[in-house]
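Below is one structure, written out as structure tokens; comments come after it.
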Amino acid sequence: MSTVRWGMIGCGSVTEVKSGPAFYKAPGSALVAVMGRREEAVRDYAARHGIARFYTDAQALIDDPEVDAVYIATPPDSHLEYSLMVAAAGKHCCVEKPMALNAEQSALMQRTFERAGLHLFVSYYRRSLPRFQQVREWLREGRIGELRHLTWTLCKPPGVEDGSAANWRTDPAIAGGGYFADLASHGFDLFQYLAGDIVEVSGFTARQAGRYAAEDAVTACWTFSSGALGMGCWNFVADRREDSVELIGSRGRIQFSVFEDQPLRLQGECDQVLEVPCHAHIQWHHVLAMNAHIRGEAEHPSLAIEALKTDRILDKVLQRNPNHPG
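In our numbering, the protein residues as written are 232 to 557.
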């Protein structure tokens, strides 16, 4: 197919700029239908974004004969149900991250699509961003020698909506955890793309401020398959925002931010500081890569089989029980 026609389930904030416009603006891509539970909201979204059809029923969108693939842009508690509906309809799918509430659900999703011969992608779009492609190239070129250690610190002050019904990200029953599950999943997926699989991990969690049911502070240590070590500190009731990653090698270091638009810094035989800005619609490269994968033109790295590895890491750090996601 020259143009992949997408349908989108969910029209929340992530779809306004980050993802939605990429699906209808990127070459070889079209967003032909959108679904939302509230008719007034989904009608308004479709009108503002120039989408031809809107639905309030997910099955109706999935069954739309002009929809080739479905993007599920809803919270994690609905990913399993919706994705299995998409698979049953014989269509390709992309789900937002984290892939599901726990690794057991994610594994079922991955197996279902694999057995059906369908593609299941997960919106770990940082694998496709030019800035992290540059970091990966530095590592492959041996610019810092052998990777010895990776550290990540991610902190932010508490938000006004933390713990309120308006913020599903702090409700473990909906998100599978708190901000750690929502944000650290991006980092763990990226680090495995850059440095190889994480083969062992352990962690500690706490509810330091007690503002909501999910953990607000997490520490973890892990081992990469190469033998390099990693450690992270995530605190969501801290004094200030901080997002800093350092890759320590045998002959140099690389520093960057996972979420902030900060320069990439290489320290080694030849120091470099590179500004690699992100596209206005940050999932642009991810959408292009999915469409190329569906057309058989290239292999996209953000597949369910890779995302499943991250959910298994989250399960271990959060000590998640599949029957009790929180």
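Positions of the beta carbon are idealized from the N, C-alpha and C atoms, including for glycine.
Quick caveat, the model's predicted, so the values are computed rather than measured.
Out of 349, 312 and 398, point me to the one whose CA is closest to residue 289's CA. 312
Once the 5 residues before and after residue 530 are set aside, which same chain residues still bring their CB inside 8 Å of it? 524
Using C-beta distances below 6 Å, list every residue in its chain close to residue 383, excluding the 5 sequence neighbours before and after it, in chain order. 418, 463 and 476
Just confirm the distance between the C-beta atoms of residue 499 and residue 378, as a whole number of angstroms; I'd bet it's less than 8 Å. So it is not a contact: roughly 12 Å between Cβ atoms.
Which residues share a DSSP beta bridge with residue 474? 385
For residue 236, which of 301, 250 and 243 has the nearest alpha-carbon? 301
Using three-state DSSP, classify residue 238 as helix, strand or coil. strand
Outcome for residue 324 when other beta-carbon atoms lying within 10 angstroms are tallied against a minimum of 16: buried
Does DSSP put residue 232 in a helix, a strand or coil? coil
Where in the segment 275-306 do unbroken runs of the beta strand (DSSP E), each at least 3 residues long, occur, reported from the N-terminal end onward? 284-286 and 300-303
When burial is assigned at 16 or more other CB atoms within 10 Å of the CB, is residue 456 buried or exposed? exposed
Neighbourhood of residue 542 by C-beta, 7 Å cutoff - its chain only, sequence neighbours within 5 removed: 329, 330, 331, 333, 334 and 337
Specify the secondary structure class of residue 310 as computed by DSSP and reduced to three states. helix
Closer than 6 Å by C-beta to residue 466: which residues in its own chain qualify, once you throw out the five before and the five after it? Chain order, please. 386 and 448
Spatial distance of residue 252 from residue 246 (CA atoms): 7 Å
Quick check on the DSSP output: the beta strand (DSSP E) that includes residue 431 runs from which residue to which? 429-437
In whole angstroms, what is the alpha-carbon distance linking residue 549 and residue 407? 9 Å
For residue 238 and residue 244, what's the separation of their Cα atoms in angstroms? 17 Å
For residue 390, which three-state DSSP category applies? coil
I'd like to confirm the pairing. Which residues does DSSP put opposite residue 541 in its beta bridges? Bridge partners of residue 541: none, in fact.
As a quick exercise: from 514, 496 and 501, pick the residue whose alpha carbon is nearest that of residue 507. 496
Return the chain-ordered list of same chain residues with a C-beta closer than 8 Å to the C-beta of residue 410, the five sequence neighbours on each side being excluded. 387, 400, 401, 445, 447, 465 and 467
Strand pairing of residue 515, partner residues [DSSP]: None; residue 515 has no bridge partner.
I'd like to know whether the C-beta atoms of residue 250 and residue 304 end up nearer to each other than 8 Å. yes
Does DSSP put residue 357 in a helix, in a strand, or in coil? helix
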